[in-house]
Structures are given as structure tokens and as C-alpha cells.
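**Q** Pasting a structure below so you can have a look.
Residue numbers (our numbering): 25 to 113.
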């Protein structure tokens with residue numbers, strides 16, 4: 025079977041381009057997912073519209089890479105000690 029070496033070179037270039045495209049797509053997909061832990065809430069900052077109105081609860085969520093950025097806040101209640109000057113114990 026005779027195979028032209030130029031055909032093999034072109035196919036090798038296509039394979040490298042396909043591999044680079046697949047790696048870039050996987051990286052972009054991974055960058056678009058974020059996780060909100062229990063006891064936290066998230067809001068989305070959009071570069072075009074500012075802060076969006078929705079609050080995201082715990083779980084895995086999706087955002088548009090390079091356009092949206094999640095800002096995650098801790099909303100758990102924390103104990104506080106109050107000092108008062110009263111006559112009782």
C-alpha cells in the first residue's frame with residue numbers, strides 16, 4: 025500500500041489541531057463551573073451588566089468564562105458575646 029508522505033503530514037497537523045481544540049474546550053468548561061459550599065451563598069458579577077439579582081445557594085453552578093465571575097460569601101451565623109452593665113448577675 026503506497027501512502028503519500030504529504031497526506032500523512034497534513035493528517036498529523038489536523039490531529040494536533042484537534043487535540044489542542046479539545047484541550048482548550050475542556051479547560052474552558054472546567055473554568056466555567058464553580059462550587060458553592062454549604063453555609064455559603066454566591067452572587068454573579070457580570071462585566072457588562074454588573075451584579076446580577078440572583079443569589080445562588082449551595083451546589084455546583086455554571087458561569088460564562090471571562091464574562092461572569094462568582095463572588096462567594098459566608099452566611100453562617102457566628103456566636104457573639106455581649107457585655108452589659110446591669111444590676112443582675
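C-beta: ideal position from N, C-alpha, C; glycine also. Everything numeric in this text was worked out from a predicted model, so none of it was measured.
May I have the straight-line CA-CA distance separating residue 53 from residue 99, to the nearest angstrom?
**A** If I take the Cα positions, the gap works out to 28 Å.
**Q** Would you mind sorting residue 50 into buried or exposed? The rule is 16 or more other CB atoms within 10 Å of its CB.
**A** Result: exposed.
**Q** List the residues that DSSP assigns as beta-bridge partners of residue 39.
**A** Answer is none; residue 39 lacks a bridge partner.
**Q** Within the same chain, show all residues whose beta-carbon is closer than 7 Å to that of residue 65, passing over the 5 residues directly before and after it, in chain order.
**A** Contacts found: 79, 80, 81, 97, 99.
**Q** So which of 83, 42, 91 has the shortest CA-CA distance to residue 69?
**A** The shortest Cα separation from residue 69 among 83, 42, 91 belongs to 91.
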